[in-house]
Amino acid sequence: MNDRNDIVLVGDGFVGKTSIVNALTKKSFDVSSNPNIINETEVEIAELSSSIKFNMIDTAGQEEYDFARKESYEKANLFLLCFCVHDFNSFDNIRTKWAKELDLYKNVPKILISTKCDEKEKDFIKRNEIEKLRRKINCVEYIESSAKTLEGIETILQTAYRVLNTKETKRSCVIS
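Laid out in structure tokens, this is it:
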């Protein structure tokens, strides 16, 4: 595994990207999280008696920050495409905006992440629709998560570790 592993989170504003990073670093839900433009946070995972560090690059989903966000793509070893599991617009934007924005980075693996899975009282996007999208946009994995309950949070790190260490999916960030 590389010395530096940059993982870039993309998705609409307010889907929970910052909350995921906070849950990864603090192991708790921080309701006072403020949106950001670009925020880099180091996260460490202990795996097989060694320690691996990830640089989580949390990007703003708002259109006015497109330029700053796209600069972070150059560093990416892995993308996390995040949508809120009960926000059909954020789900649709994965296909219509975020996957298209990452078209130049076909060699960088992507993981599809649904957020806010703890909010059971809402209508969820159907799992078969999510899997269909995952295949269409060539994400190597799909993970359900909740920063509030920490569901899926460790799975994100473990999957990132596995994806970045798998020979078939290990890529450099070369624009194709």
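Its first residue numbered 143, the sequence shown is counted upward by one per residue in the numbering used here.
Note that CB positions come from ideal geometry on N, CA and C, so glycine has one too.
Here the structure is a predicted model, which is why all the values come from computation and not from measurement.
1) Can you give me the C-alpha to C-alpha distance between S287 and T238, rounded to a whole angstrom?
2) Here's a check: name, in chain order, each residue in its chain whose Cβ is nearer than 7 angstroms to the Cβ of S214, leaving out the five neighbours to either side.
3) For V152, write down the residues that DSSP places opposite it in a beta bridge.
4) Check this for me: beta carbons of Y284 and E273, under 8 angstroms apart or not?
5) Taking C-beta to C-beta, are N235 and D154 nearer than 8 angstroms?
6) First and last residue of the beta strand (DSSP E) that includes I253?
7) Kindly indicate which three-state DSSP category D229 falls into: helix, strand or coil?
Let me lay it out:
1) The residue given as residue 287 occupies position 145 in the sequence shown. The residue given as residue 238 occupies position 96 in the sequence shown. Their backbone Cα atoms lie some 22 angstroms apart in a straight line.
2) Working through the sequence shown from its first residue, we reach residue 214 at position 72. Result list for S214: V150, I180, I199 and T201, in chain order.
3) As a first step, residue 152 is located in the sequence shown; it is residue number 10 there, counting from the start. Beta-bridge partners assigned by DSSP to V152: L223.
4) Stepping through the sequence shown from its first residue, residue 284 is reached at position 142. Stepping through the sequence shown from its first residue, residue 273 is reached at position 131. Contact annotation: Y284 and E273 have beta-carbon atoms nearer than 8 angstroms.
5) Locating residue 235 in the sequence shown gives position 93, counting from the first residue. Locating residue 154 in the sequence shown gives position 12, counting from the first residue. In contact: N235 and D154 (Cβ atoms closer than 8 angstroms).
6) Your numbering for residue 253 matches position 111 in the sequence shown. Taken as a continuous stretch (DSSP letters only), the beta strand (DSSP E) holding I253 covers K252 to T257.
7) Taking the sequence shown and counting its residues from 1, one reaches residue 229 at position 87. Here D229 sits in coil by DSSP.
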